[in-house]
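The structure appears right after this line, and notes come after that.
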Amino acid sequence: MDKKCICQETQRHFLDRAFERLKLKSEHRQLLLSSFRETRITVPITLRHNGDEKLHTFQGYRVQHNHARGPFKGGLRFHPDVNMGEIRALAQLMTWKTALVDIPFGGAKGGIAVDPTALNEIEREELSRRFCQKMAPIIGVHDDIPAPDIGTNPQVMAWMMDEYSKTHGFRTAVVTGKPIELGGSAGRLEATGYGVAHLAHKVATEMALSPEQSRVVIQGFGNVGSHTAIGLANKGYRVIALSDVNGGVMNEAGISIEQALAYVAENGTLTGLPGSAPISNADLLELPCEILVPAALEATITCDNADAIQARLVVEAANMPITHRADDQLKQRGITVVPDLLANVGGVLASYYEWVQNLQQFPWDRETVLRRLESRLSHAHDAVSILAQEREIDMRCAAYELAIRRVDHAVQLRGF
Ligand code: NAD
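For what it's worth, my numbering labels the leading residue of the sequence shown as 10, then goes sequentially.
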């Protein structure tokens with residue numbers, strides 16, 4: 010089974026388990042699993058290579074899963090493997106995430122099946138603008154607010170905001186994750202990793218793991234992994250291993266995150282970081298440590314390596330890095346897991362803050378954004394933790410239960 014199928018199976022398993030515990034009627038389950046609207050469009054653009062002009066037609070998608078609690082919200086992905094099944098599963102995940110942190114949004118996801126690295130800047134701009142033109146009838150400041158995801162970035166959001174504003178008037182709040190100069194939020198870039206570090210510290214403290222005594226291992230040193238590393242190092246944790254797609258580096262005495270960032274900025278990879286020893290991505294996951302943070306890919310911890318994990322706490326910075334069977338194995342071994350639903354929700358929270366600032370036309374400073382982020386994350390964590398203790402269930406079950414209950418309740422109140 011490929012990774013995407015494993016993830017869809019994993020998510021369905023967690024949902025079914027929560028539906029059972031909540032004793033939801035089958036018609037309610039059906040409604041909660043169904044998308045409100047699934048849009049598929051063709052995005053034709055002319056590609057010019059070596060003086061040759063050719064029309065290419067790309068497939069674009071937007072799945073609007075549920076908007077019982079507020080406008081649809083979710084990222085936009087440019088990747089060759091994008092398809093309706095994947096986008097549908099990710100749109101659902103957004104519904105549960107926005108509900109869990111109790112922000113007034115629903116869930117959506119979109120994308121184009123394209124390799125953005127094969128396009129030049131002009132072609133990427135044309136593709137983004139065409140996509141926005143065709144999606145304009147279903148997106149909007151109070152309807153559906155896209156954001157960047159894999160293969161898209163603040164520039165893509167700037168083009169989309171500009172395209173939408175041509176026909177609707179100046180509308181910064183139609184997308185989030187914009188450049189700061191166009192209404193982007195201070196703190197957005199580091200929000201996800203900062204949130205991961207905040208929650209890891211909160212749960213580690215509950216487990217009586219002090220920063221000074223805790224070794225941290227992080228797989229993935231991109232946006233999320235690097236800001237998690239900065240956040241944990243600032244709190245006094247010893248980060249002993251890091252990795253990227255090329256492999257890992259380790260130093261039992263602790264890696265200087267500042268030095269690692271400077272090295273990556275210069276060399277494009279962690280490989281060869283002075284003062285560290287090389288380690289494979291597979292071996293890195295199995296290192297003796299207190300806190301393990303998978304911050305790269307989905308389905309990283311599976312039945313094949315779950316029994317070899319030595320961490321006491323695993324914090325899911327990536328989406329679905331643990332398969333449901335591996336999750337059971339970790340639980341049986343007494344390893345605590347902070348689920349993705351909670352752990353990496355800092356990104357969508359910061360997106361919400363960007364939207365609020367745009368609506369108010371009143372930008373906040375970075376300290377205000379991060380203070381509010383911490384406060385909401387702590388609230389969400391406490392609600393999950395209390396439910397988990399009351400019901401004697403793990404944090405993942407509690408997070409799904411809370412989120413589903415909120416969405417179901419809103420659906421019933423609105424009378425869909
Ligand atoms: P990114 O592209 O900035 O970084 C990904 C990192 O993973 C890079 O260091 C890359 O080299 C590494 N990597 C890629 N393949 C790898 C492999 N096979 N083994 C080890 N490392 C590998 O991406 P990101 O924004 O940091 O996102 C990381 C994860 O977090 C993804 O699962 C993403 O869906 C999830 N996530 C991101 C955000 C966000 O705000 N960026 C929010 C929620 C969830």
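From the three backbone atoms N, C-alpha and C, an ideal C-beta is built for every residue, glycine too.
Starting from the N-terminal side, write out each stretch of the beta strand (DSSP E) that is 3 residues or longer and does not extend beyond the segment 265 to 313. Counting only runs of 3 or more, we get 286 to 288, 300 to 303.
Using the Cβ count rule (16 or more neighbours within 10 Å means buried), how would you classify I318? Around the beta carbon of I318, 16 or more other beta carbons sit within 10 angstroms, so the residue counts as buried.
CB of V378 to nearest heavy atom of ligand 1: below 6 Å? Taking non-hydrogen atoms of ligand 1 into account, the C-beta of V378 is found less than 6 Å away from none of them.
Below 7 Å between beta carbons: does that hold for L279 and V302? No, these two residues do not count as a Cβ contact at 7 Å.
For ligand 1, I want to know if T201 counts as a neighbour, meaning its beta carbon is within less than 6 Å of at least one of the ligand's heavy atoms. Under cutoff, so the answer is yes.
In angstroms, rounded to a whole number, what distance separates the CA positions of I147 and E135? Spanning the alpha carbons of I147 and E135 requires a straight line of approximately 20 Å.
Given a cut-off of 7 Å, decide if V212 and V357 are closer than it, judged by their beta-carbon atoms. Not in contact: V357 and V212 (Cβ atoms no closer than 7 Å).
Range covered by the alpha helix (DSSP H) that runs through K34: Neither: K34 is in no alpha helix (DSSP H) and is coded neither H nor E.
Quick one: grab the DSSP three-state call for M431. Outside the displayed span of the chain (10 to 425) sits residue 431, for which this structure offers no information.
Give a yes or no on whether the C-beta atoms belonging to A100 and V123 are separated by under 7 Å. No. Outside cutoff.
Where the beta strand (DSSP E) containing G119 begins and where it ends: Segment 116 to 121, the beta strand (DSSP E) holding G119.
Contacts around L191, its chain only, beta-carbon distance under 7 Å, and the 5 residues preceding and following it disregarded: Contacts found: A167, M170, T181.
Out of E410, V420, L282, point me to the one whose CA is closest to E29's CA. Nearest C-alpha to E29: E410.
Short check: CB of Y70 to CB of R49, under 7 Å? Using a Cβ distance threshold of 7 Å, Y70 and R49 count as a contacting pair.
From what residue to what residue does the alpha helix (DSSP H) around V212 run? If you look at V212, you'll find it in the alpha helix (DSSP H) that goes 197 to 215.
Option in A315, E172, G284 with minimal Cα separation from E295: Comparing C-alpha distances from E295 to each of A315, E172, G284 shows the shortest one belongs to A315.
Examine ligand 1 and report whether any of its heavy atoms sits within less than 6 Å of the Cβ of S4. Here the chain has residues from 10 to 425 only, and residue 4 is not among them.
Below 8 Å on the Cβ atoms is my guess for V52 versus R139; work out the distance and round it to an integer in Å. Taking C-beta atoms under 8 Å as the contact rule, V52 and R139 qualify, at a distance of about 5 Å.
Any heavy atom of ligand 1 within a distance shorter than 6 Å of the CB on V302? Every heavy atom of ligand 1 is 6 Å or more from the Cβ of V302, so no.
Hey, is S360 close to ligand 1, as in C-beta under 6 Å from one of its heavy atoms? Checking every heavy atom of ligand 1 against the Cβ of S360, none is found closer than 6 Å.
Using CA coordinates, which residue listed in P157, A308, R86, N75 is at the minimum distance from I15? Per the Cα distances, A308.
Using 8 Å as the threshold, is the segment 333 to 342 in touch with the segment 242 to 258, meaning 3 or more CB pairs across them? In this structure the segment 333 to 342 does not lie against the segment 242 to 258, because fewer than three pairs of beta carbons, one per stretch, are closer than 8 Å.
When DSSP builds the beta bridges, which residues end up paired with M259? BP columns for M259 point to A250, A286.
For R385, I'd like the list of residues in its chain whose CB is within less than 7 Å of its CB, leaving aside the five on either flank, ordered along the chain. V110, L358.
Of the listed residues D313, A392, G149, L40, nearest to H2 (C-alpha basis): Past the boundaries of the shown model lies residue 2; the chain is included only from 10 to 425, so the question cannot be answered.
Between the CA atoms of T107 and E36 - distance to the nearest angstrom: A direct Cα-to-Cα measurement between E36 and T107 gives close to 23 Å.
Could you tell me the distance, in whole angstroms, from the CA atom of V393 to the CA atom of A286? For V393 and A286, the distance between alpha carbons rounds to 39 Å.
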